[in-house]
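First to last, the sequence lines map onto chains A and B. For the first sequence, the numbering used here gives the first residue as 62, with consecutive numbering after it. For the second sequence, the numbering used here gives the first residue as 40, with consecutive numbering after it.
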Amino acid sequence: MLKMTHLSKVYRTEVVETYALRDFNIDVKEGEFVAVTGPSGSGKTTFLTIAGLLETFTGGEYHLDGIEVSQLDDNARSKIRNEKIGFIFQAFNLIPDLNVFDNVEVPLRYRGMKAAERKERIMNALDRVGLASRAKHYPAELSGGQQQRVAIARALAGTPRLLLADEPTGNLDTQMARGVLELLEEIHREGATIVMVTHDPELAARAQRNVHIIDGQVVDLAEDPRFHTAYTAAAGQIRG
Amino acid sequence: MQIKPILSALRRHKAGTVLIALQIALTLAIVCNALYIIHQRLAHIAEPTGVDEPNLFAMANLWGEQYTKEQAAAKVQQDLATLRQLPSVADATPTDGYPLRGGGWDNFITMKPDQTAKTTDASVYVGDEHFLRTLGLKLIAGRDFNAGEVQNMGLRESTIPPVTIISKTLADRLFPNGDALGKSFYSMSSTPTTIIGIVDTLHRQDVSTWSAPYTGQSLIWPLRLAQPLGVFYVVRAKPGQLADAMREAPKALYAENRMRMFPAKDGLVNYQQIREEAFERDRGMAILMGIICAVLLAITAAGIVGLTSFWVGQRRRQIGVRRALGATHRDILHYFLTENLLISLGGIAIGTLLAFGLNLWLVKTFSLGFLPLTYVLGGMVTLVLLGQGAVFAPALRASRVPPIEATRPA
């Protein structure tokens with residue numbers, strides 16, 4: 062579903078080159094629920110934005126649902142984002158001027174879908190996240206948890222092949238976070254592929270597989286000599 | 040189309056939306072009426088006089104001595120003989136004024152001697168048997184005056200000659216069946232005057248607004264001014280010799296009699312100068328209205344650019360979210376163009392009502408004509424194009440907001 066090979070992302074200024082990702086390799090299979098973790102500045106958000114075609118990469122290859130995306134123009138990238146990817150952002154990113162119904166409708170309109178089909182999909186998605194009764198409410202009238210549910214409904218309404226979540230519970234309290242996570246798990250059980258970036262170990266532990274990023278590279282914590290001692294100690298604590 | 044969500048978003052930005060819509064409305068109302076005024080003024084400026092303007096000039100001759108009627112008549116005859124013998128002059132005539140001079144002599148016209156209300160109003164010219172030929176008027180029916188019909192007219196004399204030549208406009212006004220020739224009318228007198236000739240066009244002396252309904256209604260009486268103050272001479276130069284004639288004529292008249300003067304203002308003027316003087320206010324008004332239109336359109340365009348730029352800056356993250364959710368550059372561009380179109384249409388709807396309301400007030404207050412629909416339609420198209428043009432640059436900037444903007448901290 063999502064395969065990056067020797068991928069790199071370099072930010073260049075006149076005096077310095079900064080590698081956000083370096084020789085980055087990852088392969089997410091269809092139906093997987095993968096948590097991507099790592100310290101701040103490790104490159105996990107950069108990975109997510111490249112995975113979601115929100116920005117381009119400098120080198121390597123990236124196949125999304127079998128399509129090599131590096132040569133695609135902006136319109137083709139927009140189309141793939143619209144049809145294959147659902148985004149869930151930490152800050153929800155709902156459009157404050159639009160009510161819940163219209164917010165969920167945004168990606169569907171860009172797909173050129175007919176009004177009747179749009180309405181059916183929107184109401185199904187809102188029903189799924191338990192907010193069908195709030196369709197006419199504006200984001201400012203909802204709690205943080207409800208706003209994130211609307212964002213999830215917006216991501217689901219287009220039936221994407223891949224859900225990308227960036228710290229989906231980062232702005233929520235524990236109870237709301239739990240609800241959102243349960244919803245993501247439920248969506249995964251129904252067959253969705255989910256890649257979730259988080260630095261919350263508890264959240265990461267709920268995923269099927271964890272991928273850890275350090276200094277722009279995927280590392281196996283158990284194998285990497287730099288982290289071997291710390292990892293063994295931490296694992297021992299968890300087991301103990 | 041995204042009309043519903045755009046309208047929904049605009050409802051959440053009422054102040055900016057309403058301000059721009061009102062600005063568009065006011066601009067439409069003022070620009071439509073201003074353009075109509077400009078059109079009317081330009082049409083007024085372009086009105087034909089019916090005279091041979093390229094070859095004519097006028098001289099305001101003021102006597103330096105007090106003459107009796109007979110003396111003045113003799114002096115005028117002598118002057119005319121002098122002028123007519125100049126090699127650059129084709130003909131000359133004495134008169135009380137000439138088309139576009141301003142002011143002039145107006146008479147009420149009635150069809151019966153005891154009629155109390157006027158039938159219409161006519162500008163009165165007096166001239167001798169050379170008047171038509173000198174001014175280059177086109178006689179379309181009847182005949183010219185003969186020398187025997189021309190009488191001298193002294194100061195404060197109210198002479199109503201038995202014959203007259205009138206303009207076609209006046210003929211059609213008095214006798215709509217086209218049978219004016221040979222018919223009579225009354226001109227502030229119980230003595231009838233008979234139409235012996237009809238000329239194609241002869242504009243009034245006056246160009247002010249009040250006389251607009253009577254434009255082109257003129258009559259000529261065979262009278263030679265013999266007055267102690269002075270007289271106008273209209274002189275027709277031979278083709279291509281206007282400058283020579285204008286130089287030679289005053290010299291020749293001074294040589295004949297020094298006791299006269301030609302005032303600085305209109306002592307010696309050609310038709311280019313006469314037109315410029317006559318329509319100075321119209322031209323000034325047209326220019327002023329043009330400047331007002333340009334300034335209003337520029338302010339409206341600037342307002343649209345400013346508001347849209349502000350909105351683009353304010354919604355940068357929102358645009359990034361839309362891009363992340365699949366909007367192309369073109370989708371974002373269309374969004375802002377459509378948003379502006381909707382605001383413009385709202386403004387235009389209000390502006391149309393305002394335009395007709397303002398026109399009604401101008402009609403009642405300043406006798407302006409009724410605003411033709413074409414001006415409003417033209418104004419609508421102009422403002423839509425202006426809005427779309429003004430919004431294009433900020434909309435283009437918006438379309439270039441990258442999708443990564445969605446992930447930036449708020």
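Ideal placement from N, C-alpha and C gives every residue a C-beta, glycine not left out.
Classification of residue i by the beta-carbon crowding that lies within 10 angstroms, buried from 16 upward
i      : result
M192/B : buried
V420/B : exposed
I299/A : Residue placement at I299/A cannot be trusted, given a pLDDT of 46 that sits under 50; the coordinates are not used to answer.
G385/B : buried
R179/A : buried
S204/A : exposed
L412/B : exposed
N398/B : buried
F94/A  : buried
E243/A : exposed
A54/B  : exposed
G301/A : Low per-residue confidence applies at G301/A: pLDDT is 40, beneath 50, and the placement is therefore not dependable, though the value from the model is reported in the following sentence. With fewer than 16 Cβ atoms within 10 Å of its Cβ, G301/A is classed as exposed.
W350/B : buried
A156/B : exposed
W102/B : buried
S228/B : exposed
P448/B : exposed
Y272/B : buried
D234/A : exposed
M298/B : exposed
A366/B : buried
H289/A : Low local confidence applies: a pLDDT of 49 at H289/A is under 50, so the model's placement there is unreliable, and no value is given.
Under the three-state DSSP convention, the category residue i falls into
i      : result
S101/A : coil
N100/B : strand
P262/A : helix
L192/A : coil
H273/A : strand
P448/B : coil
M184/A : helix
D227/A : strand
Y225/B : strand
G113/A : coil
Y414/B : helix
Y80/A  : strand
H289/A : Note on H289/A: pLDDT 49, under 50, position unreliable in the model; the coordinate value appears next. Helix at H289/A.
M298/B : coil
S206/B : strand
N231/B : With the sequence shown as reference, residue 231/B is identified as Pro, and Asn is not the correct amino acid for it. Three-state DSSP puts P231/B in a strand.
N398/B : helix
V246/B : coil
CB contact check: residue i to chain B, cutoff 8 Å
i      : result
H289/A : Confidence in H289/A is poor, its pLDDT being 49 and thus under 50, which makes the residue's placement unreliable; the coordinate value appears in the next sentence. It does not; no Cβ of chain B falls within 8 Å.
V97/A  : no
P168/A : yes
R239/A : no
G301/A : Low confidence applies to G301/A: its pLDDT is 40, below 50, so where it sits in the model is not reliable, and the reading given next is rough at best. So no, G301/A is outside the interface.
D135/A : yes
T106/A : yes
R189/A : no
T110/A : yes
F150/A : yes
C-beta neighbour in chain A for residue i, strict 8 Å
i      : result
T56/B  : no
I382/B : no
L364/B : yes
A48/B  : yes
I443/B : yes
R361/B : yes
Q353/B : no
R439/B : no
Strand pairing of residue i, partner residues [DSSP]
i      : result
D145/B : S162/B
K64/A  : D88/A, H124/A
W260/B : V165/B
D130/B : R275/B
P44/B  : Partner(s): none; P44/B has no beta bridge.
A96/A  : M257/A, N271/A
L307/B : M98/B
E129/A : H124/A
L178/B : V238/B
K70/A  : L82/A
Contact belief for residue i with residue j at Cβ below 8 Å, rounded distance in angstroms
i      : j      : result
S127/B : K277/B : 6 Å
V272/A : V97/A  : 5 Å
M409/B : V402/B : Reading off the sequence, residue 409/B comes out as Phe, not Met. Their Cβ separation, rounded to whole angstroms, is 6 Å, which keeps F409/B and V402/B in contact under 8 Å.
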